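Just so we're aligned, residue 1 is where the sequence shown starts under full-length UniProt numbering, counting upward by one.
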Amino acid sequence: MIGIVGGARPLAGLELIKKIMEETIASTDQDHLPVLLSSQPHRIADRTQYLLDNTLTNPAYAMADIISELEKSGATVAAIPCHTAHAVPIFDIIRYELQNKEHKIRLLHMVEETSDYIATHFTSPVVGILTTTGIRNTGLYNHVFAAKGLKVIQPAEEWQEKIQAAIHDEQYGIKASSSPVTNRAKEELVGAIHELKKEGATVIVLGCTELSWALREKEISGLPLVDPNRILARALIRTVAPEKLKTK
1 MIGIVGGARP LAGLELIKKI MEETIASTDQ DHLPVLLSSQ PHRIADRTQY LLDNTLTNPA
61 YAMADIISEL EKSGATVAAI PCHTAHAVPI FDIIRYELQN KEHKIRLLHM VEETSDYIAT
121 HFTSPVVGIL TTTGIRNTGL YNHVFAAKGL KVIQPAEEWQ EKIQAAIHDE QYGIKASSSP
181 VTNRAKEELV GAIHELKKEG ATVIVLGCTE LSWALREKEI SGLPLVDPNR ILARALIRTV
241 APEKLKTK
């Protein structure tokens with residue numbers, strides 16, 4: 001059974017379930033895979049604040065506890081649809097807590113799954129990363145992708161500020177208005193993709209959960225868009241029931 005830690009990005013858990021369903025071979029309701037979603041935002045401290053100040057409570061401990069609860073309820077594999085939760089100071093502690101307490105549940109790493117996908121499906125890619133300034137500053141994508149020999153480029157500072165605003169601005173950002181996403185937010189994201197293409201990018205990774213809500217196209221300006229949340233959904237299916245995974 002699949003277990004999902006929601007609450008870090010409350011809508012992201014629902015979006016991951018939606019993508020699991022979209023990627024599953026099923027002709028009846030009963031053909032779909034069992035999924036447990038535990039969305040408890042009150043238990044999970046802010047990930048970005050912790051990365052900025054490690055004297056605060058590390059959200060890793062609460063997420064490890066939630067994964068333990070999912071395991072007790074029958075989950076054999078788990079995932080966290082939040083990019084910031086995969087930063088080394090958080091994710092490594094989650095892994096340690098689970099291993100230290102001898103849990104059997106398997107925890108997938110969204111960014112590692114994404115790097116595996118790109119290394120397998122693209123030849124000598126130059127990967128442009130769209131993400132928040134916080135995730136960018138952790139070096140998360142650079143670290144994981146470099147381990148796979150993947151070249152990563154990131155937007156210039158001017159465009160990074162626009163990406164950050166497109167996600168977080170209280171007036172027009174995706175977090176403030178996601179249904180529908182504002183024209184300004186989408187235009188700034190598309191503009192950043194055009195700039196990354198000029199710098200040599202051949203594929204774009206949507207390195208923040210909210211970005212896939214705004215950019216639902218398969219490609220923009222001739223560049224394929226890779227959604228780590230969908231990659232994670234497919235990896236979860238492959239782990240529990242590979243025969244039910246739709247072919248790409």
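Every residue gets a Cβ at the ideal spot worked out from N, C-alpha and C, and that includes glycine. All figures in this text were calculated on a predicted structure; none of them were measured in a lab.
Would you kindly check if the distance between the Cβ of residue j and the Cβ of residue i is under 8 Å?
i, j, result
"Y61", "E102", "no"
"A166", "E199", "no"
"I174", "W213", "yes"
"G74", "M1", "yes"
"S178", "E210", "yes"
"V77", "L108", "yes"
"A79", "L232", "yes"
"T24", "K248", "no"
"H83", "I135", "yes"
How is the beta strand (DSSP E) around residue i delimited, first residue to last?
i, result
"V181", "Run containing V181: none; DSSP gives neither H nor E here."
"L206", "V203 to L206"
"L225", "L223 to V226"
"G3", "I2 to G6"
Over what stretch of residues does the alpha helix (DSSP H) that includes residue i continue unbroken?
i, result
"S68", "A60 to K72"
"S212", "L211 to A214"
Here's a check: name, in chain order, each residue in its chain whose Cβ is nearer than 8 Å to the Cβ of residue i, leaving out the five neighbours to either side.
i, result
"L223", "G128, I193, L196, K197, A201, T202, V203 and I204"
"residue 254", "Look at the range of the chain in this structure, 1 to 248, and you will see that residue 254 is not part of it."
"E219", "L225"
"R95", "L107"
"H86", "I80, H109, M110, V111 and L140"
So what's residue i in DSSP terms, helix, strand or just coil?
i, result
"K151", "strand"
"residue 281", "This structure leaves residue 281 out entirely; the chain is present only between 1 and 248."
"A119", "helix"
"A87", "coil"
"R106", "strand"
"A75", "coil"
"E199", "coil"
"G139", "coil"
"L37", "strand"
"T114", "helix"
"G173", "coil"
"I167", "helix"
Buried or exposed: residue i, going by 16 or more other Cβ atoms within 10 Å of its Cβ?
i, result
"K19", "buried"
"H42", "exposed"
"P242", "exposed"
"R47", "buried"
"N229", "buried"
"V88", "exposed"
"P81", "buried"
"R9", "buried"
"G13", "buried"
"L52", "exposed"
"T123", "exposed"
"Q99", "exposed"
"L130", "buried"
Cutting at 7 Å between CB atoms, please list the residues of its own chain near residue i, excluding the five before and the five after it.
i, result
"I118", "P125, V127, L150, V203 and V226"
"E217", "L225"
Please return the same chain residues whose Cβ sits closer than 6 Å to the Cβ of residue i, not counting the five positions on each side in sequence.
i, result
"R106", "V77"
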